[in-house]
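Residue numbering for the first sequence follows our numbering, beginning at 28 and increasing consecutively. Quick reminder that beta carbons are idealized off the backbone N, C-alpha and C, glycines included. Just so we're clear, the structure is a prediction, and the values are computed from it rather than from any experiment.
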Amino acid sequence: MSVRVRIAPSPTGNLHIGTARTAVFNWLYARHQGGQFILRIEDTDLERSKPEYTQNILEGLQWLGLNWDEGPVYQTQRTELYAQKIQELLDKGLAYRAYDTPEELDAMREAQKARNEAPRYDNRHRNLTPEQIAAYEAEGRTAVIRFKIDDDREITWNDLVRGQVTWKGRDLGGDMVIARAASASTIGAPLYNFVVVVDDIDMGITQVIRGEDHIGNTPKQILLYEALGATVPEFGHTPLILNQQGAKLSKRDGVTSIFDFKKMGYTAEAIANYMTLLGWSPVEGMDEIFTLEQAAKEFSFDRVNKAGAKFDWDKLNWINGQYLHKMPAAELTDLLIPYWQEAGFAFDPIADRPWLEQLTAVIGPSLSKLSEAVDMTRYLFMEAIEPTEDAIAHLKQDGVTAALQGILDGLPAETLTQDSANALIQSVVKGQGVKKGLVMKSLRAGLTGSLQGPDLMQSWLLLNQKGWDRTRLTAAIG
RNA sequence: GGUGCUGUAGACAAAUUGGUAAAGUCACAGGGCUUUCAAUCCUGGGUUUGCGGGUUCGAUCCCCGUCAGCACUGCCA
Numbered sequence: 028m029s030v031r032v033r034i035a036p037s038p039t040g041n042l043h044i045g046t047a048r049t050a051v052f053n054w055l056y057a058r059h060q061g062g063q064f065i066l067r068i069e070d071t072d073l074e075r076s077k078p079e080y081t082q083n084i085l086e087g088l089q090w091l092g093l094n095w096d097e098g099p100v101y102q103t104q105r106t107e108l109y110a111q112k113i114q115e116l117l118d119k120g121l122a123y124r125a126y127d128t129p130e131e132l133d134a135m136r137e138a139q140k141a142r143n144e145a146p147r148y149d150n151r152h153r154n155l156t157p158e159q160i161a162a163y164e165a166e167g168r169t170a171v172i173r174f175k176i177d178d179d180r181e182i183t184w185n186d187l188v189r190g191q192v193t194w195k196g197r198d199l200g201g202d203m204v205i206a207r208a209a210s211a212s213t214i215g216a217p218l219y220n221f222v223v224v225v226d227d228i229d230m231g232i233t234q235v236i237r238g239e240d241h242i243g244n245t246p247k248q249i250l251l252y253e254a255l256g257a258t259v260p261e262f263g264h265t266p267l268i269l270n271q272q273g274a275k276l277s278k279r280d281g282v283t284s285i286f287d288f289k290k291m292g293y294t295a296e297a298i299a300n301y302m303t304l305l306g307w308s309p310v311e312g313m314d315e316i317f318t319l320e321q322a323a324k325e326f327s328f329d330r331v332n333k334a335g336a337k338f339d340w341d342k343l344n345w346i347n348g349q350y351l352h353k354m355p356a357a358e359l360t361d362l363l364i365p366y367w368q369e370a371g372f373a374f375d376p377i378a379d380r381p382w383l384e385q386l387t388a389v390i391g392p393s394l395s396k397l398s399e400a401v402d403m404t405r406y407l408f409m410e411a412i413e414p415t416e417d418a419i420a421h422l423k424q425d426g427v428t429a430a431l432q433g434i435l436d437g438l439p440a441e442t443l444t445q446d447s448a449n450a451l452i453q454s455v456v457k458g459q460g461v462k463k464g465l466v467m468k469s470l471r472a473g474l475t476g477s478l479q480g481p482d483l484m485q486s487w488l489l490l491n492q493k494g495w496d497r498t499r500l501t502a503a504i505g
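Shown next, in the form of structure tokens:
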């Protein structure tokens, strides 16, 4: 049977890193197996689901290059199917209406806690008499629908990542709610654990690959597969992505959406690459820098780790740098322009294009994040610079003014080239009998306002094209 | 409280019918290059495999116990 896997995000927030990584593993597995990768939007939580989140999720997946073969399928458009399946369980006597009020349930759990027991539904409405039901309905109570869970059952599955996993029915918290409260004659909105199963059956999902946080849902869902008379798919629970403290990576760690990474200056390829490395290890001899296609060729759950993976910004930065370093100047320039514009730098993306690409070629090989380009190149975009204290101190040293004056006097009217710039430096060195180091350092201080930065000669040529080398040297001397 | 999962250098990890533990990558340190910084290249340090028992000729691996972390424990997904 052909492999069919899915990513099923809930549009109650932006595309989160954890969801994205689950999507990556599903995508890799589907591609490796020559199967289908399907997108389903789990929007059964009407109160929290928002269209803009769906939009963010779709765009995020596309940005990462995780294209889906089918979907998106929206659960809210399939309500009749769920109602039909719930009715089926009701008819078979595998589910029933429970009339407990939220207050009653709270009280029950409180009491259990007080007795130091695990909170669970005690199945008190499982076998209500017709008289009791009539009484509750006369009272005007609504009912949820609960699915019966046998305490004595033992549920075992062979997890793709963890091997054999076993749960006892009694640890599942009692009969589970599968539909929200509604009047006695109707069926309320179905709940996650139920719709997931109905949809996965209906969509012919063969492997359910999801985060480890779902592991406790799996036994309940297996019971539902059985109740619905369906084949149970394989399950694979991938390790969680942890923050530095070892807790599940969350909003508080500075990233709510995958696009936050984009804003910070990471490329989609680097993010996808790093997420793959979070839990999966490349085969022997394989480089750690790879495309999703390359990873798909080698991907298997044999090499998926069980332990949670701590998110390491240093490593991500390094990976991102690897992509940036080998990116062609034209492409890198396209990515950098928005950052320069955002920073308020004045330039014409069309007319200044050659100058920009020349600049990109200079800084590209030392970038690890796109956003770093802003501070790195500020002195090339702003006419006025504020020299650092070190630079000011250097400019006060003996011989510096004379050296810079010499450069200024010798500056040709035509555009400077690497050769003519070198010749000019050489003539000053010889004419004034000073060390080349002094001239170079003075030039750097005068031209860039700093004692460190990108390649000096290249910076000078870039500045010269704008005529700013003359103004800055003049200012430095004055 | 209960259940489950996990535990190999600072981080990601390899070691898969039990057979010399830490390959590889990041980070870190030193050096080269660049008369700067970054990048890059070279070199280097780092292990009672959470801890304690057991089985075995031999245990990161299997068993028992223990500790820790995390997840789940909803009329959220």
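For the pair Q321 and G281, the Cα-to-Cα distance works out to about 30 Å. Between the alpha carbons of D240 and A334 lies a gap of roughly 12 Å.
At a cut-off of 4 residues, the continuous stretches assigned as alpha helix (DSSP H) that sit fully inside the stretch 108 to 191 are 129 to 141, 157 to 165. For M354, no alpha helix (DSSP H) run applies, since DSSP gives it neither H nor E.
In the DSSP secondary-structure assignment, M203 is bridged to F174. Between Y148 and G201, the C-beta gap is smaller than 9 Å, which places the two residues in contact. With a cutoff of 9 Å on beta-carbon distance, L351 and S395 are scored as near each other. The DSSP assignment places 234 to 238 as complete runs of the beta strand (DSSP E) inside the stretch 204 to 241, in order along the chain (cut-off: 3 residues). Per the DSSP secondary-structure output, E261 pairs in a beta bridge with Q234.
Of all alpha-carbon atoms in E166, R124, A211, the one lying nearest the alpha-carbon of N150 is that of R124. Between G391 and the set F408, L422, T283, P355, the nearest pair of CA atoms involves P355.
Per DSSP, Q271 lies in no alpha helix (DSSP H) and is assigned neither H nor E. Burial of L42 is indicated by the presence of at least 16 other C-beta atoms within 10 angstroms of its C-beta.
Q191 sits exposed, since fewer than 16 C-beta atoms from the chains shown fall within 10 Å of its C-beta. The continuous beta strand (DSSP E) containing V32 extends over residues 31 to 34. Here F326 is near F52, since their CB atoms are less than 9 Å apart. Note on geometry: alpha-carbon atoms of E115 and D226 lie some 15 Å from one another. Counting only the Cα atoms, I34 lies some 39 Å from A138.
Residue state for I68 is assigned as strand, using DSSP reduced to three classes. Per DSSP, the continuous beta strand (DSSP E) segment holding Y101 begins and ends at 97 to 101. Note on geometry: alpha-carbon atoms of K175 and M203 lie some 7 Å from one another.
Counting the other CB atoms within 10 Å of its CB gives Q248 a total of 16 or more, which places it among the buried residues.
Distance from the CA atom of M409 to the CA atom of S76, rounded to whole angstroms, is 45 Å.
DSSP lists T183 as the bridge partner or partners of T193.
The residue among W90, R105, S37, I44 with its C-alpha nearest the C-alpha of E79 is S37. Taking the C-beta atoms as reference points, E315 is found nearer than 9 Å to I346. Remark: C-beta atoms of G92 and E296 approach each other more closely than 9 Å. Proximity to T387 across P481, A440, V466, Q459 peaks at P481, based on C-alpha coordinates.
Per DSSP, the continuous alpha helix (DSSP H) segment holding I285 begins and ends at 285 to 290. For D417, same chain residues with a beta-carbon under 6 Å away, outside a window of 5 residues either side, are L478 in chain order. Taking each of S398, D341, R380, S393 in turn and checking the Cα distance to E369, the smallest one comes out for S398. With a threshold of 16 other beta carbon atoms within 10 Å, I377 falls short and is exposed. No Cβ-Cβ contact shorter than 9 Å links L121 with V100. K333: not part of any alpha helix (DSSP H); DSSP gives it neither H nor E. Residue burial annotation: M302 is buried, with at least 16 other C-beta atoms found within 10 angstroms of its C-beta. By DSSP's assignment, W307 forms a beta bridge with V331.
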